[in-house]
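For the sequence shown, this note's numbering begins at 2 and goes up steadily by one.
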Amino acid sequence: MTLTVWAWLALGAYTIHICEEYFFNWRDWARAVIRLPVTWADFGVVNGAVIVLGIVQAELAGSLTLIPLIYSALLLINATFFHVGPFLKTRGRFSPGLISAVILFYPIAIGTYREATLQGALGLGTLLGSIVGGALLMAMPIAFLKLRDRPYFRQS
């Protein structure tokens, strides 16, 4: 498969992941388990942005290898630190999104990195850039959630 195919699969997987999180009440889980002050509106905005980014990365996959790799790193980070890790830490408490993270995110992200390797496009710089980019994308909404209640950022 090409990087473009893997990139579109990643977007499809993320769409399924969002549905799983929504229907199994990720918001209440996130508030209780990882202490994120998230609302359903926050969930919708962030995941809407993730879908737009998914379309962008799929469209650019043929010409900018780093972009779908950043998205794949986002999948790996999300799966590991926001689903599998908390599931293990809580000794088996279900994390909404866990099923799609394990069944879809890991294989698709690994497939994307493998394809980039086969194309000779995955050097150390690209690998590190993708990890840093994915981590920044994952951290951004969390940082915004935590900063928005500080006096400097309040708009009232």
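Heads up, the beta-carbon is just placed ideally off N, CA and C, and yes, glycines get one too.
Terminal residues of the alpha helix (DSSP H) in which Ala-122 lies: Neither: Ala-122 is in no alpha helix (DSSP H) and is coded neither H nor E.
Could you tell me how far apart the beta carbons of Ser-101 and Ala-8 are, in whole angstroms, since I believe they sit closer than 8 angstroms? With a Cβ gap of about 17 angstroms, Ser-101 and Ala-8 do not count as contacting.
Could you check what DSSP says for Asn-26 in three-state terms: helix, strand or coil? coil
Got a sec: does the ligand ZN put a non-hydrogen atom nearer than 7 angstroms to the Cβ of Glu-21? Looking for the ligand ZN in the displayed structure turns up nothing, as the structure carries no ligands at all.
To the nearest angstrom, how far is it from the Cα of Ile-111 to the Cα of Gln-58? So the two alpha carbons sit approximately 16 angstroms from each other.
Between the Cα of Ile-56 and those of Lys-90, Ala-11, Leu-37, Asn-26, spot the shortest distance and give me the residue it belongs to. Ala-11
What are the start and end residues of each continuous alpha helix (DSSP H) run of 4 or more residues lying completely inside the segment 70-129, in chain order? 86-90, 107-119
With a threshold of 16 other CB atoms inside 10 Å of the CB of Phe-82, please say whether the residue is buried or exposed. So Phe-82 counts as exposed.
By DSSP, does Ile-56 sit in helix, in strand, or in coil? Helix at Ile-56.
Mind checking Phe-106: buried by the 16 CB within 10 Å criterion, or exposed? buried
Of the choices Ser-73, Val-39, Met-141, whose alpha-carbon is the least far from that of Arg-115? Ser-73
Roughly how far, in whole angstroms, is the beta-carbon of Leu-61 from the beta-carbon of Ile-52, given that I think they are within contact range, below 8 angstroms? Not really, about 15 angstroms apart at Cβ, beyond 8 angstroms.
Are the segment 20-33 and the segment 88-104 touching, with three or more C-beta to C-beta distances below 8 angstroms? yes
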